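Sequential numbering of the sequence shown, starting at 1468, is according to the numbering used here.
All C-beta atoms in this analysis are idealised placements derived from N, C-alpha and C, irrespective of residue type, glycine included.
Given the structure is predicted, the values throughout are model-derived calculations rather than measurements.
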Amino acid sequence: MFALIFSLAGCAAAQMHTDEQLATVATGCGLSGGDVMQDATETRLLFIMNTGVTGPQRACVYGWAHRNHMHLVVIHLAPEAAN
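As structure tokens, this is what we get:
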């Protein structure tokens, strides 16, 4: 019983972040301000939508997402779809 209580106590809910917070994460990781997004209906997911995200950029955003109890989803856009 105690194991169940302690395992649930370790779960933290992801919060909805402001556009400014997400833009700060994006620019801090070398992306454009609008490349990092969060959906209000599923706050546990953090999205990167970019045509050419690099490994270090992805790792940077992943680290922030992980610290904030979120899962990172990377959506690679085809160059013609980005327009």
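Residue i (DSSP reduced to helix, strand or coil)
{"i": "Thr1491", "result": "helix"}
{"i": "Asp1502", "result": "coil"}
{"i": "His1538", "result": "strand"}
{"i": "His1533", "result": "helix"}
Separation of residue j from residue i, as counted between CA atoms
{"i": "Ala1490", "j": "Asp1502", "result": "8 Å"}
{"i": "Phe1514", "j": "Val1528", "result": "9 Å"}
{"i": "Glu1487", "j": "Val1540", "result": "19 Å"}
{"i": "Gln1524", "j": "Gln1482", "result": "22 Å"}
{"i": "Leu1544", "j": "His1533", "result": "23 Å"}
Residue i versus the options, residue with shortest Cα-Cα distance
{"i": "Ala1526", "options": "Thr1508, Gly1497, Thr1518", "result": "Gly1497"}
{"i": "Cys1509", "options": "His1484, Leu1544, Gly1522", "result": "Sequence inspection shows Glu at residue 1509; the Cys mentioned does not correspond to that position. Ranking the options by Cα distance to Glu1509, first place goes to His1484."}
{"i": "Arg1511", "options": "His1536, Ala1545, Leu1544", "result": "His1536"}
Exposure label - residue i; buried when at least 16 CB within 10 Å
{"i": "Ile1542", "result": "exposed"}
{"i": "Ala1507", "result": "exposed"}
{"i": "Ala1480", "result": "exposed"}
Chain E within 7 Å of residue i, Cβ atoms only
{"i": "Gly1497", "result": "This model lacks chain E altogether, as it is built from one protein chain only."}
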